[in-house]
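Residue numbers (my numbering), protein chains in the order written: chain A, 1 to 648; chain B, 1001 to 1648.
The structure appears right after this line, and notes come after that.
Here it is as structure tokens:
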């Protein structure tokens, strides 16, 4: 664990340098600075209010754990929550400052703008991984008990749930609301300052795609490392434990190198997609090389093989996701728009469902091979492998919303159209990386859930199950239902909050004279408040569901029922998440494809049909789909904690 | 089994009387007779071509089984297929003759029309249940081995797959194609004879909703009885066996009484919904009463309890389905149409997903209680209970398409608008019974799959599973993916076939002068051929998938992998099927609600938005959703057969 501290310290220094470098840059003229500040404040106020909702929950849980497990468990839980909150808060603070700076850098060159926006993303990516391992080390030093790290992981999961669900509802309520009135009724272009919800929309990109995504992957990262450490120690002792630590360190240091390389190449870059891809692959190759050398030296090559499967399958899932959400597949989908919106929805749904096939087989392949080589430890370690370069992959992912925000600020501040062109080209790359990031988040969540399940089954004392015991099947049936029900809840939440938003926008346009002519400023704050309120109100029931269901099933059907619950929830959750993410991504890009002038271009019948697809895809890919990742991980970690408590 | 023969014989006599009574009725004037004949021929030619595709498959399988199991297995398989085919063929022959007769009866009174259309449905409902038990008895007498009945069940499953998938693709390709060009482009009303695809659309109702649904429930009926007989004999010997036989007989005889009661009340009926509901509930109450008396006499009241749970939960699932696809829920859904099609899709999706919650808990409740009382046998027997009154519930279900067809014929033949009013009111009731029928089909498929799984686990020799063996989870992951992939295949198939249909309709309108003015007759046959070809081409891959996946998993991961596969497929399949059926049903009725004059009525912005929902819902509820029922049952029965073969 001392290695975690040293690596963490190096990384912290690096993060601080990056952050200062970003803050040194000019945030532009008065208007861009002001816009950036409004977004900062909106995002900050959302996070603070979100904390107000879940801090009491966390503290209540900590007190509960204090009485039934002990003080160490409470502390571990609090460390897990606090570090995840810290990562989210700090990462977002920088991201919301990098947006105007990216817009201003874009007045100079594409390379400058790429450099600033990617630096902003890198702060988020590195902070998540660094605090992830530092918190883990701290928990270990405080508790001196590997198994208590499960409470650390539980804390991280809790934060992730609120951040992902709350952020997801916020971002889509604002987006859908802004689109419906702004684009459809008042005929305003995207990011027009006359649209009262325009700032809320930009805030949403940050709280959803930056803070939400970060908390999600923080949880996966921590959960997979925790599982691998426990299973490694269990089956291979010290040797297993230390191997996990090294793989994690190799991944983080390689990410640092990859980020530096990317930044060095960014300024002269003419092709942002290529630059980002190079950095990511380079970091992956470095990690694998280091792991190979390590396994060779300790004469345990199996470590390398398993990590290789994880890295490789993670990469393949990204590529498959790209294949399904761009190019030929999207062109075919766009073509159906000439027949009408219903055809777009049917074809897009079929596309997303079809994509579950290869991705599932890839995940299965990684699991089978890893299991054959290193048993359950192998399954967990391949998950660690897949997530090892999280530092850079999350950076690439978080860069997207910053570029998107920069475009919005450029538009609202009335900068030279050339600036918007640059930010648009960055944003387009961001859309692809976002789709790949979602595939990666799902794949890693699936592997993490599997690793946690392996952990659960190792400690649940149900090594021998009668397959004809129907409680396994019943647990699976109820578990399989939860992702569907959970998605219904989040979709309803987006719908309700969007409705409130639409009403508010309509009210402002009607009651505040001169909004549409640009003579008076809309009340941005009011829209931010509505999105915040809508999101906070609706994130409690899903959280309760995720915690209560394993507990209830345990008392009804025993550990075997909980095992079934986890299997069912993971299976149907992974499929639903893949389907929703890829359908949503494909619809988004089909709309863009038509907007490029195909099948009649903007304003045509085909365009309107693809807008319907895109609007349906919004909650699919940005709210319900990603929230499922958390649901299955939180249920798994809750089950593990439950088992350790019940065993006493 | 001799009881099956006696009851079957009584029922056959009754069916023949019913059939002759229908054929005695006038098929109306020259035009209605002619239209009915075209539909008959279209449906018949589709079935014959369908048989051409799957007879070779069945025979190949029979020969294969002859070599590795023996002649008895082959014969059982052939009996299962032949009896299912016979039931579908005969039931549809009568249904397609009852349509014009219903239209003509509607010129007299609502009661007459209800009587004829329900008689047509009753022939289908009774034929399916009667041939189901007669085939079972025959198989038993030929093989003298209870376990070989699994091959009988496999034969029925095969036919069901082709009938449901093929019929589902056919009906929606014709429907969607006819709607897109007819309603949207050429502004023709529903069922207008100038629409070249109008006959194909009417044929589709029969091959999809009559023959397809019949084969689906034939499979469930046979599968649940088979499982209950095997498990009953295994755990309780002769006593268990005979109890199942009696419950089945009580159900069938009660259905007969229920049908007679309904027919007696039909002629004077002013409220068809009430009349049908009364008959169904009456049959259920009779079955329960008879079962109670029987269990009391043999001093084994547990039989009654378990059957009661099955009947009761089956009824509740129907009511919940009705609740989600009508009334307040649908009005709220219709209200979102004022915001546009995307909101209709999102809200409808959320509605369908939400509906999985209660239905899953109800199924779980029935299983838990039955298991507590009678173990695995209880689970299977409650499935038999749910399906015991299939005779009348399928009659109510099959009556819908007949009334729908009658309306089409009345419209095309230019009968008095009052006739159409009567058939429309019958059709409206049919839509609700169809939605409830779908809920029932899913619920019973879930219980049948569970019963088959119990059967599988009892013979698979994996009574002791290590929960940490990842092959269980992997199997579940792959199994959970299949319903999604399967749905993608069937949705693509509908899309492709509908595209071909659209092109053909456009071609005819362009090339045959006078079609739109009604001066010349369109080439109906050509459209029928296109729908047939589209359906037949696309039903092979899904079938292969359902058979190969358990076999492959067995060789890769052993029986535990197959167990996981069944759990995963059932869990995600049931959820997907419930979601698709209820979203589809709600969209359909939301459109009708707007058409009644709400939110602007026909032709309004809101109406167009609900039409999008309805069109998306078509393949959801009539092709992909129902096909999943078959997939999970066929996989389960294939696994059982596989186990008996492997055990030697």
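Beta carbons are placed, not taken as given, at the ideal position from N, Cα and C, and that holds for glycine.
How would you write the range of the alpha helix (DSSP H) that residue i sits in, first residue to last?
i: residue 300 (chain A); result: Element bounds for residue 300 (chain A): n/a, residue is neither H nor E.
i: residue 1088 (chain B); result: 1071-1105
i: residue 492 (chain A); result: 470-511
i: residue 108 (chain A); result: It is not in any alpha helix (DSSP H) - residue 108 (chain A) carries neither H nor E in the DSSP assignment.
i: residue 1455 (chain B); result: 1417-1459
i: residue 1347 (chain B); result: 1341-1387
i: residue 519 (chain A); result: Per DSSP, residue 519 (chain A) belongs to no alpha helix (DSSP H) and is neither H nor E.
i: residue 334 (chain A); result: 327-335
i: residue 1265 (chain B); result: 1238-1266
i: residue 1633 (chain B); result: 1625-1647
i: residue 1401 (chain B); result: 1390-1412
Between which residues of its own chain and residue i is the CB-CB distance below 7 Å, once the five residues before and five after are set aside?
i: residue 508 (chain A); result: 196, 515, 522 and 523
i: residue 1580 (chain B); result: 1352, 1620, 1621, 1624 and 1625
i: residue 440 (chain A); result: 314, 317, 318 and 393
i: residue 32 (chain A); result: 100, 103, 104, 409 and 413
i: residue 591 (chain A); result: 610, 611, 613 and 614
i: residue 1038 (chain B); result: 1199 and 1524
i: residue 1483 (chain B); result: 1569, 1572, 1573, 1576, 1628 and 1631
i: residue 1479 (chain B); result: 1564, 1565, 1566, 1567, 1568 and 1569
i: residue 12 (chain A); result: 130
i: residue 62 (chain A); result: 74, 77 and 78
i: residue 386 (chain A); result: 310, 311, 313, 314, 443, 444 and 447
In chain order, what residues of the same chain have a beta carbon less than 6 Å from the beta carbon of residue i, not counting five sequence neighbours either side?
i: residue 570 (chain A); result: 449 and 632
i: residue 1309 (chain B); result: 1366, 1369, 1370 and 1382
Please list, in chain order, all residues of the same chain as residue i whose beta carbon is under 8 Å from its beta carbon, the five residues on each side excluded.
i: residue 279 (chain A); result: 258, 259, 261, 262, 265, 392 and 396
i: residue 438 (chain A); result: 321, 581, 585, 621, 625 and 626
Run through chain D and tell me which residues come within less than 8 Å of residue i, C-beta to C-beta.
i: residue 346 (chain A); result: No chain D is present in this structure, whose protein chains are A and B.
Inset, instruction - Mind listing, in chain order, the continuous alpha helix (DSSP H) runs of no fewer than 4 residues lying wholly within the region 1140-1181 of chain B? - result: 1149-1178
Inset, instruction - Check whether the region 87-102 of chain A touches the region 142-153 of chain A, taking contact to mean three or more Cβ pairs, one atom from each stretch, closer than 8 Å. - result: no
Inset, instruction - Entirely within the region 196-234 of chain A and at least 4 residues each: give me those alpha helix (DSSP H) ranges in chain order. - result: 198-204
Legend entry - Given 8 Å, three or more beta-carbon pairs between the region 1213-1230 of chain B and the region 1407-1423 of chain B: no
Legend entry - Validate contact between the region 166-182 of chain A and the region 494-508 of chain A using beta carbons, cut 8 Å, 3 pairs: Yes, since at least three Cβ pairs between the region 166-182 of chain A and the region 494-508 of chain A fall closer than 8 Å, the two stretches touch.
Legend entry - Segment contact, 8 Å Cβ cut-off, at least three pairs: the region 1240-1249 of chain B with the region 1343-1362 of chain B: no
Inset, instruction - Pair every Cβ in the region 1201-1216 of chain B with every Cβ in the region 1037-1052 of chain B, then say whether three or more of these pairs are closer than 8 Å. - result: The region 1201-1216 of chain B, when compared against the region 1037-1052 of chain B, does touch it at the 8 Å Cβ threshold.
Inset, instruction - Flag this pair as touching only if the region 334-345 of chain A and the region 183-197 of chain A have three or more C-beta atom pairs under 8 Å; answer yes or no. - result: no
Inset, instruction - Pair every Cβ in the region 634-642 of chain A with every Cβ in the region 552-571 of chain A, then say whether three or more of these pairs are closer than 8 Å. - result: Cβ pair count under 8 Å is three or more, so yes.
Inset, instruction - Specify whether the region 1281-1291 of chain B and the region 1329-1342 of chain B touch according to this definition: at least 3 beta carbon pairs, one from each stretch, less than 8 Å apart. - result: Touching, no, given that fewer than three Cβ pairs across the two stretches are closer than 8 Å.
Inset, instruction - Could you tell me whether the region 1208-1219 of chain B touches the region 1078-1092 of chain B, where touching means 3 or more Cβ pairs closer than 8 Å? - result: Short answer: they touch.
Inset, instruction - Let me know the beta strand (DSSP E) ranges lying completely inside the region 1525-1612 of chain B, each 3 residues or longer, listed in chain order. - result: none
Inset, instruction - Would you check if the region 231-242 of chain A and the region 451-462 of chain A touch, i.e. whether three or more CB-CB distances between them fall below 8 Å? - result: yes
Inset, instruction - Tell me the start and end of each unbroken alpha helix (DSSP H) in the region 1009-1071 of chain B that is at least 4 residues and wholly inside, in chain order. - result: 1030-1068
Inset, instruction - Assess, as a yes-or-no matter, whether the region 46-55 of chain A is touched by the region 157-167 of chain A under the definition of 3 or more beta carbon pairs within less than 8 Å. - result: yes
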